[in-house]
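Undergrad:
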Amino acid sequence: MSVLLCIISGRKREDVMMDKLVYNQSSFNGIVDSVDSYDDRLVYNQSSFDGIVDSLDSYDDKLVYNQSSFDGIVDSLDFYDDKLVYNQSSFDGIVESLNSYDCIVDTLNSYDGIVNSLDSVYGIIDSLNSYDCIVDSLNSYDVIGNSLNSFDDK
Numbered sequence: 033m034s035v036l037l038c039i040i041s042g043r044k045r046e047d048v049m050m051d052k053l054v055y056n057q058s059s060f061n062g063i064v065d066s067v068d069s070y071d072d073r074l075v076y077n078q079s080s081f082d083g084i085v086d087s088l089d090s091y092d093d094k095l096v097y098n099q100s101s102f103d104g105i106v107d108s109l110d111f112y113d114d115k116l117v118y119n120q121s122s123f124d125g126i127v128e129s130l131n132s133y134d135c136i137v138d139t140l141n142s143y144d145g146i147v148n149s150l151d152s153v154y155g156i157i158d159s160l161n162s163y164d165c166i167v168d169s170l171n172s173y174d175v176i177g178n179s180l181n182s183f184d185d186k
């Protein structure tokens with residue numbers, strides 16, 4: 033049949049075969065191009081997927097960074113709380129020291145009261161001693177008077 037076609041069309045059999053080869057080659061080239069296009073799509077999709085993975089990794093890094101920042105803030109607040117507690121206990125210690133100082137002052141005031149009482153006692157004793165001296169003087173005077181009376185009697 034192909035020989036008949038070749039005769040009718042006036043073309044040689046080799047030319048028809050060549051046309052078939054060219055057609056088949058172009059079909060093959062089209063298949064190769066399709067495969068290359070598919071490969072390009074795969075590469076593009078892979079790079080898109082890699083981009084998504086990179087974005088997720090970046091997001092994870094941000095989450096980790098934000099978590100560590102948050103932990104840092106919490107640590108700072110804990111440290112601040114510790115300072116507040118320490119300062120409060122220091123303040124309580126100062127208040128206790130002042131209360132102790134007040135107790136010492138009260139004790140010294142009591143001591144001053146005792147000293148004042150003793151001074152009063154000593155004042156009374158001094159007064160009594162002075163009185164004794166006056167009595168002694170009067171007694172001496174009486175003795176002199178008695179002596180003079182005795183002398184007068186003689």
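Sequence positions in the sequence shown follow the numbering used here and run 33 to 186.
For glycine and all other residues, C-beta sits at the position ideal for the given N, C-alpha and C.
How long is the line joining the alpha carbons of Gly-104 and Asp-114, rounded to whole angstroms?
TA: 15 Å
Undergrad: Run through DSSP, which three-state label would Lys-44 get?
TA: Lys-44: coil per DSSP, three-state reduction.
Undergrad: Which value, in whole angstroms, describes the spacing of the CA atoms of Leu-109 and Tyr-118?
TA: 14 Å
Undergrad: From Ser-129 to Asp-168, what does the alpha carbon distance come to, in whole angstroms?
TA: 57 Å
Undergrad: Would DSSP call Leu-36 helix, strand or coil?
TA: No answer about Leu-36 holds up, because its pLDDT of 49 lies below 50 and its placement is not dependable.
Undergrad: Please report how far the alpha carbon of Met-33 lies from the alpha carbon of Val-75, in whole angstroms.
TA: Confidence is the limiting factor: at Met-33 the pLDDT is only 47, short of 50, which leaves the residue's position unreliable and the question unanswerable from this model.
Undergrad: If you draw a straight line from the alpha carbon of Asn-178 to that of Tyr-163, how long is it in whole angstroms?
TA: When rounded, the distance between both Cα atoms is 22 Å.
Undergrad: In whole angstroms, what is the alpha-carbon distance linking Asp-15 and Val-137?
TA: Because the chain here runs from 33 to 186, residue 15 falls outside it and cannot be looked at.
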